[in-house]
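Working notes for the structure below.
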Amino acid sequence: NAGVMQNPRHLVRRRGQEARLRCSPMKGHSHVYWYRQLPEEGLKFMVYLQKENIIDESGMPKERFSAEFPKEGPSILRIQQVVRGDSAAYFCASSPQWGASTDTQYFGPGTRLTVL
Amino acid sequence: DAKTTQPNSMESNEEEPVHLPCNHSTISGTDYIHWYRQLPSQGPEYVIHGLTSNVNNRMASLAIAEDRKSSTLILHRATLRDAAVYYCILMNGNKLVFGAGTILRVKS
Numbered sequence: 307n308a309g310v311m312q313n314p315r316h317l318v319r320r321r322g323q324e325a326r327l328r329c330s331p332m333k334g335h336s337h338v339y340w341y342r343q344l345p346e347e348g349l350k351f352m353v354y355l356q357k358e359n360i361i362d363e364s365g366m367p368k369e370r371f372s373a374e375f376p377k378e379g380p381s382i383l384r385i386q387q388v389v390r391g392d393s394a395a396y397f398c399a400s401s402p403q404w405g406a407s408t409d410t411q412y413f414g415p416g417t418r419l420t421v422l
Numbered sequence: 178d179a180k181t182t183q184p185n186s187m188e189s190n191e192e193e194p195v196h197l198p199c200n201h202s203t204i205s206g207t208d209y210i211h212w213y214r215q216l217p218s219q220g221p222e223y224v225i226h227g228l229t230s231n232v233n234n235r236m237a238s239l240a241i242a243e244d245r246k247s248s249t250l251i252l253h254r255a256t257l258r259d260a261a262v263y264y265c266i267l268m269n270g271n272k273l274v275f276g277a278g279t280i281l282r283v284k285s
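From first to last, the protein sequence lines stand for chains A and B. This note's numbering numbers the first residue of the first sequence as 307 and each following residue consecutively. This note's numbering numbers the first residue of the second sequence as 178 and each following residue consecutively.
In structure tokens form, the structure reads like this:
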């Protein structure tokens, strides 16, 4: 059973470009979470999605960031008009159950975004 | 979200047990105590979780105080591979709220 897959592993963008980060959850998992880790900082929750629904986006910046988890295909985190402050590691996690307090979240290896 | 307090760093010798403490004095009755760790340049990895009773799994043990205001993650025999940042997290709902964690260094 393959783990959570993220691609690309490394992404370089120039200021003003768009970044698309992909996450394929573990087989059988229908809950996806995105977290961001800025350099020398801890991980911060961004958004929680189920298939075709955003459940909790309380950690998403109000502008330029969006996320989706379509019925078919991977979850996408999209950052428009990137700025240097977006440089970070972005981690995706998935869980199998109901998004409950007992659920284990399985993390992917992350995408390291560098904005020049 | 309820807060946790952990030491910034700890050091252990290889093959010795390690006790990683966590204080969570504002824990609510429905908060679960989760531990994750993050090895260098990797994504976080689940270690263990519990509610009231002590828990054991193949990776570690979790000892929870009777009043639930603190807990201790126990690695029975530390190896170099256990060097990581260990996060103690109170979970009530769907998102993990990470603190700064404890950097565990393991000496050979």
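No residue lacks a Cβ here, since even glycine has one placed at the ideal position from N, Cα and C.
Interface residue (Cβ-Cβ distance to chain B less than 9 Å): residue 360(A) is not classified as such. By the Cβ criterion, the stretch 370-378 of chain A is in contact with the stretch 354-362 of chain A, since at least three pairs of Cβ atoms, one from each stretch, lie closer than 8 Å. Within its own chain, the residues whose Cβ lies closer than 8 Å to the Cβ of residue 332(A), once the five positions on either side in sequence are excluded, are 307, 308, 309, 310, 400, 402, 412, listed in chain order.
If you ignore the 5 residues before and after residue 185(B), its C-beta comes within less than 8 Å of the C-beta of 277, 279, 280, all in its own chain and listed in chain order.
Within chain B, no C-beta atom comes nearer than 9 Å to that of residue 396(A); the closest sits roughly 10 Å away. Distance check between residue 255(B) and each of 188(B), 180(B), 203(B), 228(B) places 188(B) closest, using alpha-carbon atoms only. The Cβ neighbour count for residue 318(A), taken over all protein chains shown within 10 Å, is under 16; the residue is labelled exposed. Residue 215(B) is bridged by DSSP to 262(B).
Rounded to the nearest whole angstrom, the C-alpha separation of residue 191(B) and residue 219(B) is 22 Å. Taking a 10 Å sphere around the C-beta of residue 262(B), we find 16 or more other C-beta atoms and assign the residue as buried. Between the alpha carbons of residue 285(B) and residue 221(B) lies a gap of roughly 24 Å. For the stretch 194-223 of chain B, residues whose beta-carbon sits nearer than 9 Å to a beta-carbon of chain A comprise 207, 208, 209, 211, 213, 215, 218, 219, 220, 221, 222, 223.
Below the 9 Å Cβ cutoff, chain A contributes no neighbours of residue 283(B), its closest Cβ being approximately 21 Å away.
Under the 9 Å criterion on CB atoms, residue 232(B) is classed as non-interfacial with respect to chain A.
In the same chain as residue 354(A), and ignoring 5 residues on each side of it, the C-beta atoms closer than 6 Å to its own belong to 339, 361, 362, in chain order.
Under the Cβ criterion of 9 Å, residue 180(B) is not counted among the residues facing chain A. Residues of chain B with a Cβ closer than 7 Å to the Cβ of residue 414(A) are, in chain order, 220. Apart from sequence neighbours up to five positions away, the residues of its chain that approach residue 356(A) with a beta-carbon distance below 8 Å are 336, 337, 338, 375, 405, ordered along the chain. In the DSSP assignment, the residues bridged to residue 279(B) are 263(B). Against residue 273(B), the close residues of chain A are 339, 341, 349, 351, 399, 411, in the order they occur along the chain (beta-carbon pairs closer than 9 Å).
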